[in-house]
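To get this note's numbering, take the position in the sequence shown, counting from 1, and add 11. The C-beta atom is built at its ideal place from N, Cα and C for all residues, glycine as well. Report on the structure given below.
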Amino acid sequence: MRSTLLSRRDLEFLLYEWLDVEALTERERYSEHSRDTFDAVLDLSEQLATEYFAPHNKRNDASEPTFDGERVTLIPEVGRALSAFAAAGLPGASMDYELGGTQLPTAVAQASFAWFHAANPGTGAYHFLTVANANLLSTYGSAEQVERFVKPMLTGRFFGTMCLSEPQAGSSLADIVTRAEPREDGTYRLFGTKMWISGGDHELGDNIVHLVLAKIPGGPAGTKGISLFVVPRFLVGSNGEIGERNDIALAGLNHKMGFRGTVNTVLNFGEGRWTPDGEAGAVGYLLGEPHRGLSYMFHMMNEARIGVGLIAAALGYTGYLESLDYARTRPQGRTKGAGDPAAPQRPIVEHADVKRMLLAQKVYAEGALGLVLYCARLVDEQRTTDSDDERRTLTLLLDILTPIAKSWPSQWCLEANSLAIQVLGGYGYTREYNVEQHYRDNRLNPIHEGTHGIQGLDLLGRKVTQHGGASLRELDSRVRATIAAARKEDANEFADPLEASWERLVQVTASLFASGDIERALANSSVYLEAFGHITLAWIWLEQLLAAQGREGDFYSGKRQAARFFYRYELPKTGPQLDLLGELDTTTLEMRDAWF
Numbered sequence: 012m013r014s015t016l017l018s019r020r021d022l023e024f025l026l027y028e029w030l031d032v033e034a035l036t037e038r039e040r041y042s043e044h045s046r047d048t049f050d051a052v053l054d055l056s057e058q059l060a061t062e063y064f065a066p067h068n069k070r071n072d073a074s075e076p077t078f079d080g081e082r083v084t085l086i087p088e089v090g091r092a093l094s095a096f097a098a099a100g101l102p103g104a105s106m107d108y109e110l111g112g113t114q115l116p117t118a119v120a121q122a123s124f125a126w127f128h129a130a131n132p133g134t135g136a137y138h139f140l141t142v143a144n145a146n147l148l149s150t151y152g153s154a155e156q157v158e159r160f161v162k163p164m165l166t167g168r169f170f171g172t173m174c175l176s177e178p179q180a181g182s183s184l185a186d187i188v189t190r191a192e193p194r195e196d197g198t199y200r201l202f203g204t205k206m207w208i209s210g211g212d213h214e215l216g217d218n219i220v221h222l223v224l225a226k227i228p229g230g231p232a233g234t235k236g237i238s239l240f241v242v243p244r245f246l247v248g249s250n251g252e253i254g255e256r257n258d259i260a261l262a263g264l265n266h267k268m269g270f271r272g273t274v275n276t277v278l279n280f281g282e283g284r285w286t287p288d289g290e291a292g293a294v295g296y297l298l299g300e301p302h303r304g305l306s307y308m309f310h311m312m313n314e315a316r317i318g319v320g321l322i323a324a325a326l327g328y329t330g331y332l333e334s335l336d337y338a339r340t341r342p343q344g345r346t347k348g349a350g351d352p353a354a355p356q357r358p359i360v361e362h363a364d365v366k367r368m369l370l371a372q373k374v375y376a377e378g379a380l381g382l383v384l385y386c387a388r389l390v391d392e393q394r395t396t397d398s399d400d401e402r403r404t405l406t407l408l409l410d411i412l413t414p415i416a417k418s419w420p421s422q423w424c425l426e427a428n429s430l431a432i433q434v435l436g437g438y439g440y441t442r443e444y445n446v447e448q449h450y451r452d453n454r455l456n457p458i459h460e461g462t463h464g465i466q467g468l469d470l471l472g473r474k475v476t477q478h479g480g481a482s483l484r485e486l487d488s489r490v491r492a493t494i495a496a497a498r499k500e501d502a503n504e505f506a507d508p509l510e511a512s513w514e515r516l517v518q519v520t521a522s523l524f525a526s527g528d529i530e531r532a533l534a535n536s537s538v539y540l541e542a543f544g545h546i547t548l549a550w551i552w553l554e555q556l557l558a559a560q561g562r563e564g565d566f567y568s569g570k571r572q573a574a575r576f577f578y579r580y581e582l583p584k585t586g587p588q589l590d591l592l593g594e595l596d597t598t599t600l601e602m603r604d605a606w607f
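This is the structure we're talking about:
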């Protein structure tokens, strides 16, 4: 029976026929792997997601975590699923052998994780955060910190979080007030409150390792004064033994619209409820150098942003497959003009408007998954190249694609979930079917790890202008190479509109800053993000079309039809957006509070 979580056939197309991840095995880091090991990981991931994660997805949503003032309680299926995930070695899928990882390409690891996000994002989030935490620690931590905290995370004994935001600061990290006071023994004592901490308190493992942004008194103001600290829930001895409870108190739980199975917390550091040595303050260990915490945290945040795009793509994908399955089995209506009212009804998949909604879901979900895996392939190349110049080029590409990889799937795979509900009609709006939960779960993704508006400001305000526009030039060269390849394949019906849209985007980008009025240039950065994202996805779809070129069968015909749909129904949406941007419209800037 075909899975309604993801399409294994599409994963194989994306990984092997388009991105050619098998070629990565020629690089030393991945030389012990092969197509066989990649397929084995995908097989195992599908099996575990189907058997351990998917069955409790609805119960996880209905029975969200509770806090009795002392302990957080989760349904038992969550722990069993995460134990199975850890026993399979998946937390360290892409990490070094020396750390206990399996050193898989990032692209394969992301394809593996997609199964779990599609099956149960509430449970999958615990390891999603832990893996990102471990990657940051292994990059910037000391050998002792890696030994003490990272290795237990890869075995599933420890879990990890990221603690950035605070109630009064929100996304404005310059305004955080959590402080870290140095002590003579080289440790720090942290005092403050952190908000929206997913996985911040539970009993799933032996420990929770918090990565906490805080300011050392006397440091620079704003973001330049932020440092990063490792603050475990329980102190860990040099021999790895679990010690006393750290001074971290759970102040309460946040109750969200979706992702209800992921405990979301408010944490108080240095409340005095637990004082390991009689002195108040949560014991923390400085990670790296003082006042460089935000740059370190961006390592985790950028990984998490692409990961958010993966979650959104997976939720859009499973909603698409479920609505497709429903449309194939739900009879309703007859052919227009049919003379016999007693003629058999036909499946709704045969109705043109239902086909439109399914095609839209297909291009959103398959396009989003393709974009995220493309970014993962860039990470693999960046990680293994011997050329500093190539590494810089790949970094520039990842820089400009990251806000798109986070925001585009979050926006348009949410729309896919909305269309899935519409395909099911009244049934789609009921809790008896999965698609309404997919929508609620996916609605988080345009918000966390940087809202849609923040991604727009990051893209337009930083990424397209950094290093004299170097990131945009690198992406430009790739887009134009695809256009040239399409012309050689007589695919001008795609090459022409992509070239026109791309050139218009580049032109508008230059005109936005020509006035010298930065506030005006950035006023419609979210519109810019949407237009940039849609044109980028047109490029991704042309890449997939070329990979399917000359191949026969329903799968490849579906790819070609999806590309045609995107170019005829979706890409034209960017025209009015680019017009608005080109006019440097000031409607939003001129609006006043009193006028609302």
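Contacting residues, own chain, Cβ-Cβ under 7 Å from residue i (five flanking each side not counted)
i: Val446; result: Gly330, Glu333, Ser334, Asn428, Ala431, Ile432, Leu435, Gly439
i: Gly593; result: Val519, Ser522
i: Gln588; result: Val538, Glu541, Ala542
i: Glu33; result: Tyr27, Arg46
Residue i burial status per 10 Å Cβ neighbour count (16 or more: buried)
i: Arg367; result: exposed
i: Leu212; result: In the sequence as presented, Leu is not what sits at residue 212; that position holds Asp. Under this definition Asp212 is a buried residue.
i: His266; result: exposed
i: Tyr151; result: buried
i: Phe607; result: exposed
i: Arg159; result: buried
i: Arg603; result: exposed
i: Glu460; result: buried
i: Ala51; result: exposed
i: Lys570; result: buried
Residue i, DSSP secondary structure in three states
i: Thr84; result: strand
i: Glu282; result: coil
i: Pro66; result: helix
i: Arg200; result: strand
i: Arg190; result: strand
i: Lys205; result: strand
i: Pro457; result: coil
i: Arg484; result: helix
i: Tyr296; result: strand
i: Arg20; result: helix
i: Ala260; result: strand
i: His221; result: strand
i: Leu175; result: coil
i: Leu425; result: helix
i: Ser238; result: strand
i: Glu1; result: Outside the modelled stretch of the chain, which goes from 12 to 607, sits residue 1, for which no answer is possible.
i: Leu595; result: coil
Nearest residue (CA-CA) to residue i, options the options
i: Ile219; options: Glu282, Arg168, Ser568; result: Arg168
i: Gly103; options: Ser149, Val517, Ser526, Ile359; result: Ser149
i: Arg403; options: Glu485, Met173, Ala549, Gly203; result: Glu485
i: Arg544; options: Ser418, Ala506, Val365, Glu192; result: As written in the sequence, residue 544 is Gly, which differs from the Arg given in the question. For the residues Ser418, Ala506, Val365, Glu192, the minimum Cα distance to Gly544 belongs to Ser418.
i: Thr198; options: Thr346, Leu516, Pro287, Ala129; result: Pro287
i: Thr84; options: Gly210, Asp469, Glu554; result: Gly210
i: Gly378; options: Ala34, Leu140, Leu556; result: Leu556
i: Val374; options: Arg341, Pro342, Arg357, Tyr328; result: Tyr328
i: Tyr137; options: Met173, Ser18, Val475; result: Met173
i: Val463; options: Leu425, Thr134, Ile546, Leu261; result: Contrary to the premise, residue 463 reads as His rather than Val in this sequence. Per the Cα distances, Leu425.
i: Gly295; options: Phe270, Val247, Ile322; result: Val247
Sequence-distant residues of the same chain with beta carbon closer than 6 Å to residue i, five excluded per side
i: Leu412; result: Cys386
i: Thr395; result: Arg38, Arg40
i: Ala325; result: Ala125, His128, Ala129
i: Thr141; result: Met164, Phe170, Gly171
i: Pro193; result: Tyr199
i: Leu370; result: Phe576
Sequence-distant residues of its chain with Cβ nearer than 8 Å to residue i (five each side left out)
i: Gly283; result: Asp258, Ala291
i: Lys347; result: none
i: Arg190; result: Leu201, Phe202, Gly203, Ala225, Lys226, Ile227, Pro228
Assumed close pair residue i, residue j - CB separation to whole angstroms, cut-off 8 Å
i: Leu59; j: Ala122; result: That pair is no contact at about 14 Å.
i: Met311; j: Leu184; result: With a Cβ gap of about 13 Å, Met311 and Leu184 do not count as contacting.
i: Thr113; j: Asp391; result: The Cβ separation is near 14 Å, so there is no contact.
i: Ser526; j: Ala549; result: Not really, about 28 Å apart at Cβ, beyond 8 Å.
i: Trp126; j: Glu554; result: 23 Å between Cβ atoms; not a contact.
i: Ser182; j: Ile465; result: 6 Å
i: Val161; j: Ala145; result: 5 Å
i: Ser421; j: Gly320; result: 7 Å
Minimum Cβ-Cβ distance from residue i to chain D less than 8 Å
i: Leu16; result: Of the protein chains in the structure, only one exists, and it is not chain D.
Residue i CB to nearest heavy atom of the ligand COA below 7 Å
i: Leu483; result: In the structure on display, the ligand COA does not appear, and there are no ligands present to speak of.
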